[in-house]
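S.K.: Sequential numbering from 7 applies to the sequence shown in this note's numbering.
Quick one: the structure is below, questions incoming.
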Amino acid sequence: MGGTKLLAGAVDGRLGVHHRVQRNVAGLDQSALIETAVDAVLEARQSAGAEIAAVGFGIPCLMDQRSGRGVVAVNLPLADIPFADVMTERLGLPVFVDNDANAAALAEHRAGAARGHSEAVVLTIGTGIGGGLIVHDEVYRGAVGAAAELGHMVIDVNGPPCQGNCPNHGCFEAVASGTALAREAVRIAGEHPRSGLGRALAEGRLIAGPLVTELAHDGDSAALEAMQLIGERLGVAIANFVNIFNPQVVVVGGGVIAAGELLLAPARAVVAARALPPSRDEVTIVAARFGVEAGMIGAAALAFDGLAGGSVR
Ligand SMILES: [Zn+2]
Numbered sequence: 007m008g009g010t011k012l013l014a015g016a017v018d019g020r021l022g023v024h025h026r027v028q029r030n031v032a033g034l035d036q037s038a039l040i041e042t043a044v045d046a047v048l049e050a051r052q053s054a055g056a057e058i059a060a061v062g063f064g065i066p067c068l069m070d071q072r073s074g075r076g077v078v079a080v081n082l083p084l085a086d087i088p089f090a091d092v093m094t095e096r097l098g099l100p101v102f103v104d105n106d107a108n109a110a111a112l113a114e115h116r117a118g119a120a121r122g123h124s125e126a127v128v129l130t131i132g133t134g135i136g137g138g139l140i141v142h143d144e145v146y147r148g149a150v151g152a153a154a155e156l157g158h159m160v161i162d163v164n165g166p167p168c169q170g171n172c173p174n175h176g177c178f179e180a181v182a183s184g185t186a187l188a189r190e191a192v193r194i195a196g197e198h199p200r201s202g203l204g205r206a207l208a209e210g211r212l213i214a215g216p217l218v219t220e221l222a223h224d225g226d227s228a229a230l231e232a233m234q235l236i237g238e239r240l241g242v243a244i245a246n247f248v249n250i251f252n253p254q255v256v257v258v259g260g261g262v263i264a265a266g267e268l269l270l271a272p273a274r275a276v277v278a279a280r281a282l283p284p285s286r287d288e289v290t291i292v293a294a295r296f297g298v299e300a301g302m303i304g305a306a307a308l309a310f311d312g313l314a315g316g317s318v319r
């Protein structure tokens, strides 16, 4: 579950996906979100053609893993909900729940771009920015399971208010998420009315990540300016993570990574210029293997781990 969309799938023990279900979740209230998630799981279950052993969820919510409770979501109206208990009752199967970005980090570490690395930072950039940390080959979850909200690290002390339910301002998420990309693209389009981006704005087209990415890939100067700006901010955040965690790899996923090198190249340049040695010289910064499916595949891995006796319920 992300801030805008939900993906469900029937996933086998090798993390192969056999059936995919997508639902929009933007604008839904909590009870509608639950119904939509149940419906998507039931569809995937019916289509699986095999017995389903458990259900794993990655939800964009700060978790208290002592009880499986979702405490608060920044970009969705989920708050104070015993998510694991509710879903266990609704689905009649063992249920395992984690933050969506932690699930994505698990997927990338188990079978994706962070495989073989003991220390990794995994960023999921979409409506918001999710963070996952691999520390000593394990997902780091903090004292009660609420880590690692890397998207809410402040990178601009006097920056704009953060999104949704975050009380902070100048957060990484506030200035470099897909939402921030769309906002900056609208501003730049207004300043360059004769650019492709400017004409799209004048025609009333939706200025959001997919269109900006398409125009930037086509070489439109205004769209490239927006990508460069977001990529440099991404680099500032990654420089912080490189200095603090000394990871072998930083993996960037989520919908926004459809822009690929348009974001990663300026981010790498900022890290090279601003992070400290030796960490900056050891790290690689790469796109996620599983893209927007990382959270779903990681949720399945979480469920398999849980069935095998892991600690996260
Ligand atoms: Zn924030």
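Even glycine gets a Cβ: it sits at the ideal position worked out from N, Cα and C.
How big is the Cα-Cα spacing for Val92 and Pro173?
M.R.: 28 Å
S.K.: Just the C-alpha distance for Gln169 and Ser183, rounded to the nearest angstrom, thanks.
M.R.: 10 Å
S.K.: So, with DSSP's three-state summary, where would you put Pro272?
M.R.: helix
S.K.: Beta-carbon distances below 5 Å to any heavy atom of ligand 1 define the shell here; list its residues in chain order, please.
M.R.: His158, Cys168, Cys172, Asn174, Cys177
S.K.: Out of Val103, His123, Thr130, which one is the CA nearest neighbour of Ala110?
M.R.: Thr130
S.K.: Hey, Gly64 and Asp106 are a contact pair by Cβ (cut 8 Å); roughly how many whole angstroms apart?
M.R.: 4 Å
S.K.: Which whole runs of the beta strand (DSSP E) in the region 211-272 are 3 residues long or more, in chain order?
M.R.: 255-259
S.K.: Under 7 Å, do Leu203 and Ala195 count as touching if we go by C-beta distance?
M.R.: yes
S.K.: Determine the burial state of Thr185: buried for a count of at least 16 other Cβ atoms within 10 Å of its Cβ, exposed for fewer.
M.R.: Looking at its Cβ environment, which holds 16 or more other Cβ atoms inside 10 Å, Thr185 is buried.
S.K.: For the beta strand (DSSP E) containing Ile291, list its first residue and its last residue.
M.R.: Note, Ile291: beta strand (DSSP E), 290-293.
S.K.: What are the boundary residues of the beta strand (DSSP E) that includes His115?
M.R.: That residue, His115, is in no beta strand (DSSP E); its alpha helix (DSSP H) goes 106-117.
S.K.: To the nearest angstrom, how far is it from the Cα of Ala113 to the Cα of Pro253?
M.R.: Answer to the nearest angstrom: the Cα atoms are 17 Å apart.
S.K.: What residue from Ala281, Leu269, Gly261 has the CA that sits closest to Lys11's CA?
M.R.: Gly261
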